[in-house]
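Everything below concerns the one structure shown next.
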Amino acid sequence: MRAVALIPAAGMGKRMGAGMNKQYLLLDGRPILAHTLAVFQEASFVDDIYVVIPEAEIAFCREQVVGKYGFAKVRDVIAGGSERQHSVLNGIRALNGYREDDVVIIHDGVRPFIPTKILKHSIEVASQWDGALVAVPAKDTIKTVEAGVVTGTPPRENIWLAQTPQSFRHGIISAAHEIAAAEGFLGTDDASLVERMGRQVHVVMGDYRNIKITTPEDMLLAETFLKK
Ligand SMILES: Nc1ccn([C@@H]2O[C@H](COP(=O)(O)OP(=O)(O)OP(=O)(O)O)[C@@H](O)[C@H]2O)c(=O)n1
Ligand SMILES: C[C@](O)(CO)[C@H](O)COP(=O)(O)O
Numbered sequence: 053m054r055a056v057a058l059i060p061a062a063g064m065g066k067r068m069g070a071g072m073n074k075q076y077l078l079l080d081g082r083p084i085l086a087h088t089l090a091v092f093q094e095a096s097f098v099d100d101i102y103v104v105i106p107e108a109e110i111a112f113c114r115e116q117v118v119g120k121y122g123f124a125k126v127r128d129v130i131a132g133g134s135e136r137q138h139s140v141l142n143g144i145r146a147l148n149g150y151r152e153d154d155v156v157i158i159h160d161g162v163r164p165f166i167p168t169k170i171l172k173h174s175i176e177v178a179s180q181w182d183g184a185l186v187a188v189p190a191k192d193t194i195k196t197v198e199a200g201v202v203t204g205t206p207p208r209e210n211i212w213l214a215q216t217p218q219s220f221r222h223g224i225i226s227a228a229h230e231i232a233a234a235e236g237f238l239g240t241d242d243a244s245l246v247e248r249m250g251r252q253v254h255v256v257m258g259d260y261r262n263i264k265i266t267t268p269e270d271m272l273l274a275e276t277f278l279k280k
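When the sequence shown is numbered by my numbering, its final residue is 280 and no position is left out of the sequence of numbers.
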């Protein structure tokens, strides 16, 4: 079984408002994306890496991230799409020569603090079940709200916050993405596309530090985590 990492990094970072794509913001002198790729490069159980980037940044990413930091496992840098799901689909379509039961690990380019142990666990679970979703239990009470009015308080013990990696066997995730594309379904994560096929996605305990760097406060948190 091969384990292949697919790293969507083709967003525009609008909520960060940095005037540049957030994956190139520096943490300890290195782009966020380089921190993320380093985890996969150094994990002995990951064979290959594919990175998805806005088309206009492909040459820059090849030179200034992949080449500069020596990420030798990166097999290709692929053009993304307008939504995260489109970017992941482009990446999946670029995975040539993999078997149905090889594991595809989908991980946001802007989640640099994924512990290697969790990554490994995610691959193990994905190879046995329909999918592995890294998630953490909600700490706050969650409300559903419509037009400014609370419509429900779901029991907190059932609420988990989805992170990445989300790992699946190649055959399952390819089918889930192609079916969603054909049916015009747009989800906010990859597991939801597998869930809607009636498949069972298993949860892998995540880490509260495995944040998705989204807004300026997250950069402060990230700097604190790095110091530790
Ligand atoms: N069209 C898109 C949108 C997002 N992503 C990637 O998906 C991950 C999670 O997305 P998010 O944090 O929402 O990033 P952005 O879309 O860049 O942020 P924003 O919504 O603030 O613009 C990021 O690594 C991002 O680069 C992607 O590959 N293609
Ligand atoms: C996939 C994800 O990171 C899981 O938390 C998240 O759903 C991505 O969402 P976004 O809309 O790209 O922020």
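Yeah, the Cβ is synthetic: ideal placement off N, Cα and C, and Gly gets one too.
Rounded to the nearest whole angstrom, the CA to CA distance from residue 169 to residue 98 is 12 Å. When DSSP assignments are scanned along the region 186-218, the uninterrupted stretches of beta strand (DSSP E) that are 3 or more residues long and fall wholly within it turn out to be 196-198 and 201-204. Around the Cβ of residue 178, a 10 Å sphere holds 16 or more other Cβ atoms; the residue is buried. Leaving aside the five residues that flank residue 150 on each side, the residues in its chain whose CB is nearer than 7 Å to its CB run, in chain order, 54, 56 and 222. Per DSSP, residue 118 has no beta bridge partner at all.
Contact fails between the region 197-217 and the region 227-237, because fewer than three Cβ pairs, one in each stretch, are under 8 Å apart. Shown here, residue 162 sits in coil according to DSSP, grouped into three states, outside any helix or strand. For secondary structure counted as the alpha helix (DSSP H) over 4 or more consecutive residues, the region 233-273 holds these complete runs in sequence order: 243-247.
From the listed residues 272, 276, 273 and 267, the smallest Cα separation to residue 66 is found for 267. At a cut-off of 3 residues, the continuous stretches assigned as beta strand (DSSP E) that sit fully inside the region 86-117 are 100-105.
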